[in-house]
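Enquirer:
There are 2 protein chains.
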Amino acid sequence: MAVVLPFEPNEPSIDALVRLVKADMERVNAAILARTGSDVAMIPEVANHLISSGGKRLRPMLTLACAALSGYEGDGHIKLSASVEFMHTATLLHDDVVDESDMRRGKLAARKLWGNEASVLVGDFLLGQAFKMMVEVGSLTCLDILSNAASVIAEGEVMQLAAAKNTQTSEDDYLAVIRGKTAELFAAACEVGAVLGQRPKAEQAACRSYGMNLGIAFQLVDDALDYGGNQTKLGKNVGDDFREGKITLPVLLAFRRGDESERAFWQKCLENGEVTDADLKQAIALLMKHRALADTVERARHYGAMAKDALALFPASPAKSALKSALSQAVDFCLARAH
Amino acid sequence: MAVVLPFEPNEPSIDALVRLVKADMERVNAAILARTGSDVAMIPEVANHLISSGGKRLRPMLTLACAALSGYEGDGHIKLSASVEFMHTATLLHDDVVDESDMRRGKLAARKLWGNEASVLVGDFLLGQAFKMMVEVGSLTCLDILSNAASVIAEGEVMQLAAAKNTQTSEDDYLAVIRGKTAELFAAACEVGAVLGQRPKAEQAACRSYGMNLGIAFQLVDDALDYGGNQTKLGKNVGDDFREGKITLPVLLAFRRGDESERAFWQKCLENGEVTDADLKQAIALLMKHRALADTVERARHYGAMAKDALALFPASPAKSALKSALSQAVDFCLARAH
Numbered sequence: 003m004a005v006v007l008p009f010e011p012n013e014p015s016i017d018a019l020v021r022l023v024k025a026d027m028e029r030v031n032a033a034i035l036a037r038t039g040s041d042v043a044m045i046p047e048v049a050n051h052l053i054s055s056g057g058k059r060l061r062p063m064l065t066l067a068c069a070a071l072s073g074y075e076g077d078g079h080i081k082l083s084a085s086v087e088f089m090h091t092a093t094l095l096h097d098d099v100v101d102e103s104d105m106r107r108g109k110l111a112a113r114k115l116w117g118n119e120a121s122v123l124v125g126d127f128l129l130g131q132a133f134k135m136m137v138e139v140g141s142l143t144c145l146d147i148l149s150n151a152a153s154v155i156a157e158g159e160v161m162q163l164a165a166a167k168n169t170q171t172s173e174d175d176y177l178a179v180i181r182g183k184t185a186e187l188f189a190a191a192c193e194v195g196a197v198l199g200q201r202p203k204a205e206q207a208a209c210r211s212y213g214m215n216l217g218i219a220f221q222l223v224d225d226a227l228d229y230g231g232n233q234t235k236l237g238k239n240v241g242d243d244f245r246e247g248k249i250t251l252p253v254l255l256a257f258r259r260g261d262e263s264e265r266a267f268w269q270k271c272l273e274n275g276e277v278t279d280a281d282l283k284q285a286i287a288l289l290m291k292h293r294a295l296a297d298t299v300e301r302a303r304h305y306g307a308m309a310k311d312a313l314a315l316f317p318a319s320p321a322k323s324a325l326k327s328a329l330s331q332a333v334d335f336c337l338a339r340a341h
Numbered sequence: 003m004a005v006v007l008p009f010e011p012n013e014p015s016i017d018a019l020v021r022l023v024k025a026d027m028e029r030v031n032a033a034i035l036a037r038t039g040s041d042v043a044m045i046p047e048v049a050n051h052l053i054s055s056g057g058k059r060l061r062p063m064l065t066l067a068c069a070a071l072s073g074y075e076g077d078g079h080i081k082l083s084a085s086v087e088f089m090h091t092a093t094l095l096h097d098d099v100v101d102e103s104d105m106r107r108g109k110l111a112a113r114k115l116w117g118n119e120a121s122v123l124v125g126d127f128l129l130g131q132a133f134k135m136m137v138e139v140g141s142l143t144c145l146d147i148l149s150n151a152a153s154v155i156a157e158g159e160v161m162q163l164a165a166a167k168n169t170q171t172s173e174d175d176y177l178a179v180i181r182g183k184t185a186e187l188f189a190a191a192c193e194v195g196a197v198l199g200q201r202p203k204a205e206q207a208a209c210r211s212y213g214m215n216l217g218i219a220f221q222l223v224d225d226a227l228d229y230g231g232n233q234t235k236l237g238k239n240v241g242d243d244f245r246e247g248k249i250t251l252p253v254l255l256a257f258r259r260g261d262e263s264e265r266a267f268w269q270k271c272l273e274n275g276e277v278t279d280a281d282l283k284q285a286i287a288l289l290m291k292h293r294a295l296a297d298t299v300e301r302a303r304h305y306g307a308m309a310k311d312a313l314a315l316f317p318a319s320p321a322k323s324a325l326k327s328a329l330s331q332a333v334d335f336c337l338a339r340a341h
């Protein structure tokens, strides 16, 4: 059930990125730990259950890398990176409640252990802490970018909710949803790095564009993986989107390319919300028949290419070429998850 | 079932406060309307269902009044007031999900009409919009106060969750909960008004203290009303706290003052969570027997007095004495809700 892509000999990795931001990332991790602290014991318990569950911390690494690429030499990138990770964690906690998910990153979702209440409220706490850290950094431009992102993310999630079970959703509608719910935070994470470095507007925009397109590619691959991934690698169950009636690009493509009886099948499954294992098997067969997963990854490659080209604007210098190359490899890594 | 208090001839009102901030409040309402706008139709629908449901908008009025009391002549108080109301609305949307409430302000709770998902996400959207408006005002001190409040509110709510059904909760624990979940936003709403007016630290602290103590009094009265209020005035059902196992001061007092069999009754009802109408009737009888409702209101009077005295610090001037008097009456109004 894996998505079939041409074989590439050297598996892309984010090791170069991890190595380049390692020292800063240790400070970010310390800030994350410190800021989940509270006299109310349930807060660090719930927060750390998710935060220590082996996420890649890709978003804060992007902030650190873009700050470095921009020649920033202050301290503000540490707290902004931690803020970005908290915003992400808050979203995950709230998403699990919204989606009624049972698993997250291969562990039981926090809501299954502490209840929906704690997931909602600890998410709110982390959002508050994120804003506190941003305020401490003191850049109104960064505050503007990240508070705008908070609204846009929620807007994207509501849009997804409104589109749920609607097989008439267009590819453009779908793109608007994932730009909001996923790519905006990638974009903001990158942009604030360049803003801290006080780079010219064009370079700030380049970082933002890199993040936005990487985020779109990341989500497209995620949506393909939901139908073709390895459960252990995925950290959740194959077919979760299908069971929740989420209209993602693979489904959009298969629905549009299918005949009347196939469309009736998709409608029955996604709109009624009662699906069996046989339905999931049938859905995957239709996705394969119409090359919907492979083409979803193909679309992701397009956004990945845009992300890489966005970075090309940065003046080449020996110090920066390693960072540019690492950020470029991070794009390939996100795409290669589809293997 | 009303809480019995000595009769007072002139019923206190917030009319004076409403009148003094009327012109500003119209601008705040316009900002609120503008900032709930979104291309995603569900966002203004859900947000306005709650926002237009006849809340008193006490918190934004406090920001406006404290800004006026501090001689502020700019525009920032409008957006900060709208931010404060959005933070409050976001909390209500999330609370309804946490408490599984059916009613809010006499209408069906948003979660009953649009689902828990929309309540969580539209709450997140409003929080994001609140921060965007604060950033536009551009005062880092105000951002610090309000982002700190966002964390403290969530912390108070989690504390309440952890204390739920626990009859061993002390009055101090209970006070810590309501300081966080309710009074902190009153305090922050007042403080930012004084900060905008660039008043000396002592006057900023006076405004904060006024808000904090008013907020505590407000919540104490609310908790008494839950057992003795008029359902129409209350906008929710009498006994909701009891049915949810919430440990509020009336219960704390009756539990502590009761004998073994009474304590067993409270434990059975609050810990098991299965209560009948007869149980509620019995609970109210015990609250009356031990004067728990009247004494809760008595405690509220204490905090109300502190709130009024906090204001006394402000230099008396003809222009300011009307505001001081209106803010003082607002305290009496909150206390008088217990009648």
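Read top to bottom, the protein sequences are chains A and B.
According to my numbering, the residues represented by the first sequence are 3 to 341, in order.
According to my numbering, the residues represented by the second sequence are 3 to 341, in order.
Note that the Cβ used here is the ideal one computed from N, Cα and C, for glycine as well.
(1) Which residue's Cα is closest to the Cα of C144/A: N274/A, Q200/A and K326/A?
(2) Among A294/A, G241/A and G260/A, whose alpha-carbon lies nearest the alpha-carbon of A280/A?
(3) Nearest by alpha-carbon distance to G130/B: which of G76/B, A287/B and T38/B is it?
(4) Does H96/A have its Cβ less than 8 Å from a Cβ in chain B?
(5) Examine chain A for any beta-carbon lying closer than 8 Å to the beta-carbon of M3/B, and answer yes or no.
(6) Which term fits R210/B, buried or exposed, when burial requires 16 or more other beta carbons within 10 angstroms of its beta carbon?
(7) Below 8 Å between beta carbons: does that hold for I155/A and G182/A?
(8) Closest to M21/A by CA distance: which of A338/A, S327/A, M135/A and L337/A is it?
(9) CA-CA distance, L254/B and E28/A?
(10) If you check the beta carbons only, do E87/A and P62/A fall under 8 Å apart?
(11) Taking 8 Å as the threshold (beta carbon to beta carbon), is M161/A in contact with chain B?
(12) Of all the CB atoms in chain A, is at least one closer than 8 Å to the CB of E119/B?
(13) For a contact meaning CB atoms closer than 8 Å, what does L123/B contact in chain A?
(14) Give a yes or no on whether 8 Å exceeds the smallest Cβ distance from I180/A to chain B.
(15) Between A43/A, L337/A, L95/A and R59/A, which lies nearest to L222/A when the distance is taken from Cα to Cα?
(16) So that I know if they touch, is there some Cβ in chain B lying closer than 8 Å to that of M214/A?
(17) Work out the CA separation of G158/A and R258/B for me, nearest whole Å.
(18) Within 10 angstroms of its Cβ, does Q170/A collect 16 or more other Cβ (buried), or is it exposed?
(19) Does H51/A pass the burial test, meaning 16 or more other C-beta atoms within 10 Å, or should it be called exposed?
(20) So A165/A packs on D175/A, CB below 8 Å; how close in whole Å?
(21) Does DSSP put R339/B in a helix, in a strand, or in coil?
(22) Classify K291/B: buried if its beta carbon has 16 or more other beta carbons within 10 angstroms, exposed otherwise.
(23) In whole angstroms, what separates the C-alpha of L289/A from that of L272/A?
(24) Which runs of the beta strand (DSSP E) fall wholly inside the stretch 263-318 of chain A and span at least 3 residues, in chain order?
(25) Out of S323/A, G76/A, G247/A and M44/A, point me to the one whose CA is closest to V197/A's CA.
(26) Do A111/B and D104/B have their CB atoms nearer than 8 Å?
(27) Assuming K310/B and L71/B make a contact with CB atoms under 8 Å, what is their CB distance in whole Å?
(28) Would you report the Cα separation of Q206/B and L94/B, rounded to the nearest angstrom?
(29) Would you list the one or two residues that DSSP bridges to M105/B?
(30) Between A256/B and A294/B, which are expected to be in contact by the criterion C-beta below 8 Å, what is the C-beta distance as a whole number of angstroms?
(31) In chain A, which residues lie less than 9 Å from A152/B when you measure between Cβ atoms?
(32) Taking the alpha carbon of D297/A as the reference point, which residue from A340/A, C192/A and L187/A has its own alpha carbon closest?
(33) Please work out which residues of its chain come closer than 7 Å, Cβ to Cβ, to R303/B, disregarding the five sequence neighbours upstream and downstream, and give them in chain order.
(34) For D146/A, go through chain B and note every residue whose CB falls closer than 7 Å to its CB, in chain order.
(35) Give the list of continuous alpha helix (DSSP H) stretches no shorter than 4 residues that lie fully inside the stretch 16-70 of chain A.
(36) Could you check whether the Cβ of S319/B sits closer than 8 Å to any Cβ belonging to chain A?
Expert: Per the coordinate set shown:
(1) It is Q200/A.
(2) Residue G241/A is the option with its Cα nearest to A280/A.
(3) Between G130/B and the set G76/B, A287/B and T38/B, the nearest pair of CA atoms involves T38/B.
(4) yes
(5) Residue placement at M3/B is poorly supported in this model, since its pLDDT is 46, which falls under 50; the coordinates still yield a value, given next. Closer than 8 Å: no.
(6) So R210/B counts as buried.
(7) yes
(8) First, the amino acid is wrong: residue 21/A is Arg here, not Met. For R21/A, the closest C-alpha among the options A338/A, S327/A, M135/A and L337/A is that of S327/A.
(9) 46 Å
(10) The answer is yes: Cβ separation under 8 Å.
(11) yes
(12) yes
(13) H96, V100, A156, E159, V160 and L163
(14) Judged by the 8 Å Cβ criterion, I180/A is not in contact with chain B.
(15) L337/A
(16) no
(17) Rounded to whole angstroms, R258/B to G158/A spans 49 Å at the Cα level.
(18) exposed
(19) Counting other Cβ atoms within 10 Å of its Cβ, H51/A reaches 16 or more and is therefore classed as buried.
(20) 6 Å
(21) coil
(22) exposed
(23) 14 Å
(24) The qualifying runs do not exist here; there are none.
(25) G76/A
(26) yes
(27) Their Cβ separation, rounded to whole angstroms, is 14 Å, which puts K310/B and L71/B out of contact at 8 Å.
(28) 27 Å
(29) Looking at the DSSP output, M105/B bridges to L110/B.
(30) 4 Å
(31) D126, F127, L129, G130, Q131, F133 and K134
(32) A340/A
(33) Answer for R303/B: L337, listed in chain order.
(34) V137
(35) 17-22, 24-37 and 44-53
(36) Among the CB atoms of chain A, none fall inside 8 Å of the CB of S319/B.
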